[in-house]
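Per this note's numbering, the sequence shown runs over residues 1 to 347.
For every residue, glycine included, the Cβ atom is placed at its ideal position computed from N, Cα and C.
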Amino acid sequence: QLFGELLDLPYENIIIGGNSSLSLMYDILSLNLMFGNMQSKTPWYNLENRKFLCPSPGYDRHFMMTEYFGFELITIPMTPQGPDMDMVESLVKSDPMIKGIWCTPLYSNPDGYVYSDETVERLAKMSTAASDFRIFWDNAYFTHHLVPNKVNKIKNIIKLCEKYNNADRVYQFSSTSKISFPGAGVSLIASSKANIEHIQNNFKYRIICYDKINMFRHAIVFRTKADVDSHMEKLAEFNRPKFNSVLEILDNELAEFKNYLHYTRPEGGYFISLYTMEGCAKRTYQLCKEAGLVITTVGDTYPYGKDAKDSNIRIAPTFPELDELNKSISLLACCIKIAILEKLTDN
1 QLFGELLDLP
11 YENIIIGGNS
21 SLSLMYDILS
31 LNLMFGNMQS
41 KTPWYNLENR
51 KFLCPSPGYD
61 RHFMMTEYFG
71 FELITIPMTP
81 QGPDMDMVES
91 LVKSDPMIKG
101 IWCTPLYSNP
111 DGYVYSDETV
121 ERLAKMSTAA
131 SDFRIFWDNA
141 YFTHHLVPNK
151 VNKIKNIIKL
161 CEKYNNADRV
171 YQFSSTSKIS
181 FPGAGVSLIA
191 SSKANIEHIQ
201 NNFKYRIICY
211 DKINMFRHAI
221 VFRTKADVDS
231 HMEKLAEFNR
241 PKFNSVLEIL
251 DNELAEFKNY
261 LHYTRPEGGY
271 FISLYTMEGC
281 AKRTYQLCKE
291 AGLVITTVGD
301 TYPYGKDAKD
311 SNIRIAPTFP
321 ELDELNKSIS
331 LLACCIKIAI
341 LEKLTDN
């Protein structure tokens, strides 16, 4: 009922899982591969040329999972409004082997973009050649806002899919991993009632129940949506100085290089996405490593670990202490400048 209130859905449309929404994604992908879904003519595993759309940059775990299961990964460019919908609509309309798309709609990983109302609506109503096409809607940061008194919202895709007679199109995932405790939270999957029944008919052979004591712990602490909102504002107060500090250092250190790079200014979520001069991200990574700083492996935010422009660097400000973070970002900025100057000299 709490998640229903948070996500504006009837609780009958929600299954509560264990501590990992990623595990639920793996389970649902496995279900479609082994048995198909209600609209499938055959299980996805029987289709040798199966494909999956991957808005990029995106979450490496999404891409790794579908690659592991034998899908061809198709890169879809991201925009501040979400994935390039002209490209998405064109591909899914013409190719029945495209079975799904990954989406992190609110404060996308790593850009921090918020899907526009138009984008969500187009995803819900678009025509697909595959009758069993599915949207894997990873709503990981649905309450992870950073800007005081500003709550970004996205349209309710489950209700929109129902409106456009595509009720079974979407699986929505989320968890409390970044609300309560990573590794000790509560996850969920939300979908149409028909999909929920289909999933339950499979899960009953897999597990009797998830950790009900942990569910009870969360229900005691978070009794209402207001409790969650209050708690998340405290987390925002803790995280906000780190994001502000990163952006301030980048603004100061890279001001003279603004013609060669840009970076996002997210209003929520957990990442800042930096785009350096093309051909400079790997060199920046190498310079950082030589100086003793380990950053996210360049390319991880793209399918197959390959950033065609060698440009994107994902920054996660929340983990280090503020003093350590400031030193790290200053060093990162220094390495970026060296890499760009080397590139300009080579050219």
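Could you pull the start and end residues of the beta strand (DSSP E) that residue i belongs to?
i: residue 138; result: 134 to 138
i: residue 170; result: 170 to 175
i: residue 26; result: Premise fails: residue 26 lies in the alpha helix (DSSP H), 21 to 35, not in any beta strand (DSSP E).
i: residue 314; result: 312 to 315
i: residue 328; result: Careful: residue 328 lies outside any beta strand (DSSP E), inside the alpha helix (DSSP H) at 322 to 346.
i: residue 161; result: Note, residue 161: premise wrong, no beta strand (DSSP E); alpha helix (DSSP H) at 157 to 163.
i: residue 100; result: 98 to 103
In this structure, does DSSP put residue i in helix, strand or coil?
i: residue 53; result: strand
i: residue 286; result: helix
i: residue 146; result: coil
i: residue 85; result: helix
i: residue 11; result: helix
i: residue 66; result: helix
i: residue 254; result: coil
i: residue 40; result: coil
i: residue 114; result: strand
i: residue 80; result: coil
i: residue 106; result: strand
i: residue 300; result: coil
i: residue 93; result: helix
i: residue 45; result: helix
i: residue 154; result: coil
i: residue 295; result: coil
i: residue 130; result: coil
Sort out for me which residues DSSP pairs residue i with in a bridge.
i: residue 72; result: 51
i: residue 263; result: 274
i: residue 16; result: 188
i: residue 268; result: 145
Note the first and the last residue of the continuous alpha helix (DSSP H) segment covering residue i.
i: residue 4; result: 2 to 7
i: residue 309; result: Here residue 309 belongs to no alpha helix (DSSP H), and DSSP marks it neither H nor E.
i: residue 125; result: 117 to 125
So is the beta-carbon of residue i under 7 Å away from any non-hydrogen atom of the ligand PLP?
i: residue 213; result: In terms of ligand content, the structure shown is empty, and the ligand PLP therefore cannot be addressed.
Hey, is the stretch 123 to 141 in contact with the stretch 34 to 52, meaning 3+ C-beta pairs nearer than 8 Å? yes
Enumerate, from N- to C-terminal direction, the unbroken alpha helix (DSSP H) stretches of 4 or more residues contained entirely within the stretch 165 to 247. Qualifying alpha helix (DSSP H) stretches, in chain order: 193 to 203 and 212 to 221.
Could you tell me whether the stretch 194 to 212 touches the stretch 145 to 154, using the rule of 3 or more Cβ pairs below 8 Å? The stretch 194 to 212 and the stretch 145 to 154 do not touch, with fewer than 3 CB-CB distances between them shorter than 8 Å.
For the structure I just gave you, are there three or more beta carbon pairs, one from the stretch 26 to 33 and one from the stretch 272 to 283, closer than 8 Å? no
Between the stretch 15 to 24 and the stretch 71 to 79, do three or more beta carbon pairs fall short of 8 Å? no
Counting beta carbon pairs with one atom in the stretch 43 to 52 and one in the stretch 208 to 228, are three or more of them shorter than 8 Å? no
Answer yes if the stretch 297 to 306 comes into contact with the stretch 221 to 228, meaning at least three C-beta pairs across the two stretches below 8 Å, and no otherwise. no
Are three or more beta carbon pairs between the stretch 157 to 177 and the stretch 53 to 72 nearer than 8 Å? no
Does the stretch 82 to 93 touch the stretch 321 to 337, meaning 3 or more C-beta pairs lie closer than 8 Å? no
Under 8 Å: do the stretch 286 to 298 and the stretch 244 to 260 share three or more Cβ pairs, one atom per stretch? no
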